[in-house]
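Here is the structure we will look at, set down as structure tokens.
Residue numbers (my numbering): 395 to 561.
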């Protein structure tokens, strides 16, 4: 089953043309390999209000089933991706962000420093990925196999019973 994916890179330096976005293209390559369709890809600065507007727009206009952000999840004052994500959330889906932090902690103690969130707005799942290509690959590789089941339930393409290991 194919799901539509939007990718939003959040980086002041990238938006100013001072840094090449490598994480967004890495996400696109990985989700395409997993059978997802990339329907939107953009790069914008770490400004909170425009970020919130874009996240809400992509969900409210039903552009995608899965919205993956990259960047802005650290401790810098400009890192506001989780705040923008939580501000537009209708429902929390914390297990995905928790799983990514757990996976990252198996690789480096710095995994605990990720503030990324995972939420639902309308029929779209939003997941904040870190900004580095290495961390993007490690996290996405870990969560992608389980995401299709959750997306199936969220979009109504799959029933909730079976597949999640509960009795």
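Each residue gets a CB set at the ideal place from its N, CA and C atoms; glycine is no exception.
This structure is a prediction, so every number in the text was calculated from the model and none was measured.
query: Can you name the start and end residues of the beta strand (DSSP E) that residue 434 belongs to?; result: 431-438
query: Can you tell me whether residue 479 is helix, strand or coil according to DSSP?; result: helix
query: With distances taken from CA atoms, which of 411, 529, 435, 400 is nearest residue 497?; result: 529
query: Can you name, in chain order, every residue of its own chain whose Cβ lies under 6 Å from the Cβ of residue 538, other than the five neighbours on each side?; result: 428
query: Taking 6 Å as the limit between beta carbons, can you name the residues of its chain near residue 412, skipping five residues before and five after?; result: none
query: Find the nearest neighbour of residue 405 within the set 457, 397, 468, 451, judged by alpha-carbon distance.; result: 468
query: Fully enclosed by the segment 459-520, which alpha helix (DSSP H) runs are 4 residues long or longer?; result: 475-482, 488-499
query: How far does the alpha helix (DSSP H) with residue 549 in it extend, from its first residue to its last?; result: 527-549
query: According to DSSP, is residue 457 part of a helix, a strand, or is it coil?; result: coil
query: Using three-state DSSP, classify residue 400 as helix, strand or coil.; result: strand
query: Below 8 Å, can you find three or more Cβ-Cβ pairs linking the segment 460-477 to the segment 429-446?; result: yes
query: Find out if the Cβ-Cβ distance for the pair residue 464, residue 408 is shorter than 7 Å.; result: no
query: Grab the span of the alpha helix (DSSP H) containing residue 406 for me, first residue to last.; result: 406-409
query: Here's the rule: buried if 16 or more other CB atoms are within 10 angstroms of the residue's CB, otherwise exposed. What is residue 461?; result: buried
query: Can you give the Cα-Cα distance for residue 491 and residue 400, rounded to whole angstroms?; result: 18 Å
query: When the Cα atoms are used, what is the spatial distance from residue 422 to residue 432?; result: 6 Å
query: Output the distance between the C-alpha atoms of residue 471 and residue 507, rounded to the nearest integer angstrom.; result: 14 Å
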